[in-house]
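Participant:
Residue numbers (the numbering used here): 630 to 747.
#1: CB-CB under 6 Å to residue 738, same chain, minus the five flanking residues each way: which ones, in chain order?
#2: Leaving aside the five residues before and after residue 676 along the sequence, list all residues of the same chain whose C-beta is less than 7 Å from its C-beta, in chain order.
#3: Between which two residues does the alpha helix (DSSP H) carrying residue 667 extend?
#4: The alpha helix (DSSP H) with residue 676 in it runs from where to where?
#5: In this structure, what does DSSP give as the bridge partners for residue 728?
#6: Residue 708 and residue 683: beta carbons closer than 8 Å?
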C-alpha cells in the first residue's frame, strides 16, 4: 500500500500516485499549484504588521468577551477571512516608499503573504 492508510480512501486518485509533484487528490491538484514563484514577496512589512495586529486584536477581543454570558469567542478563521481584503486594501493605499531599506509596498498582495499572516 503506497499511501500507508489502513482504510480505503474514496477520494484518492490511484493513477496519480506516481507523480512526485502532484497531489494524489484531484481536488487539491485543481486548487493548488505545484510550482513556486521565488520572486513573489513573502516576508513583507505589511504581512508582519497585519499578522501582529491580528495576534494582538483577537486575544484582546476574546478576553473582553470572556466575561460576557454566554461568552463569545473569535477564532483564527476570522483573521484568515479578513486578512486577504485588508492586505489588498493596504497594497492599494500604502505608498511605495522605502524606509531603512524596507519597502512598505512591494507590489500586489500575494497568497504567500496571506499564508504568513494566518
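Idealized CB from N, CA, C, for every residue including glycine.
From a predicted model like this one, the values you see are computed outputs, not experimental measurements.
Facilitator: On the basis of the supplied data:
#1: 716, 717 and 720
#2: 742, 745 and 746
#3: Per DSSP, residue 667 belongs to no alpha helix (DSSP H) and is neither H nor E.
#4: 674-695
#5: 731
#6: yes
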